[in-house]
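In the numbering used here, the protein residues as written are 16 to 203. Following: one structure in structure tokens, then a few remarks.
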């Protein structure tokens with residue numbers, strides 16, 4: 016069944032508190048929708064003028080019955096007290112982080128063994144130590160971002176307290192040695 020066609024038993028619901036101007040607006044809008052909407056099922060247009068790009072379908076008008084049941088697919092958890100909705104990060108995760116971490120291991124070993132092979136010169140030791148710390152930090156950062164990322168940052172709606180809780184963790188993308196603290200923001 017086409018979404019845009021009306022069901023025969025779908026009647027307009029009237030609100031008792033609507034003013035005369037609101038009723039006039041509803042009648043005018045309904046007339047505009049019916050005249051602008053083509054009857055062909057495969058050729059549909061938006062009610063908006065000018066037409067919106069990438070339009071799929073119009074939202075239902077508020078005074079008509081809803082044809083589609085509400086569906087909450089993307090829920091973490093729902094109970095009598097709270098409802099938790101997932102919220103994902105905007106940060107790019109390293110898809111091949113474990114591969115790059117594996118390729119950094121030979122560099123770590125090279126900078127660890129280099130001072131013993133070439134002699135204990137102070138300049139060689141400093142360069143080897145800096146290279147070792149850099150590649151070890153890079154290795155730890157890649158492993159941590161690939162395998163030890165915190166869970167998603169959800170939004171929790173608490174019904175009893177009438178508050179909204181937002182969980183955010185602050186990830187440091189350049190320093191792998193510090194913790195990623197979680198901050199809970201509370202809104203009324």
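Don't be surprised by glycine CBs; every beta carbon is placed ideally from N, CA and C.
- A distance below 8 angstroms between beta-carbons, with the five flanking residues on each side excluded, links residue 84 to no residue of its chain.
- Around residue 187, the same chain offers 193 as residues with beta carbons nearer than 6 angstroms, after the five sequence neighbours per side are excluded.
- The region 71–90 makes no contact with the region 123–132: fewer than 3 CB pairs, one atom from each, lie closer than 8 angstroms.
- In this structure residue 151 does not touch residue 115 by the C-beta definition: roughly 14 angstroms separates them, more than the 8 angstroms allowed.
- Across the structure, residue 172 and residue 144 are spaced so that their CA atoms are roughly 50 angstroms apart.
- Pairing residue 80 with residue 91 gives a Cβ-Cβ distance that is not under 7 angstroms.
- Secondary structure note for residue 98: it is in no alpha helix (DSSP H), and the uninterrupted beta strand (DSSP E) holding it is 97–100.
- Residue 162 sits in a helix when the DSSP states are folded into three classes.
- In the DSSP assignment, residue 172 falls within the unbroken beta strand (DSSP E) covering 170–173.
- Looking from the CA of residue 75, the closest CA among 155, 61, 65 belongs to 61.
- Per DSSP, reduced to three states, the secondary structure at residue 197 is strand.
- Burial check for residue 202: the Cβ neighbour count within 10 Å stays below 16, so the residue is exposed.
- The criterion of a C-beta distance shorter than 7 angstroms is not satisfied by residue 196 and residue 182.
- Rounded to whole angstroms, the separation of the alpha carbons of residue 117 and residue 70 is 46 angstroms.
- Between residue 119 and residue 154, the C-beta spacing is below 7 angstroms.
- Here residue 160 is buried: its Cβ has 16 or more other Cβ atoms, across all protein chains shown, within 10 Å.
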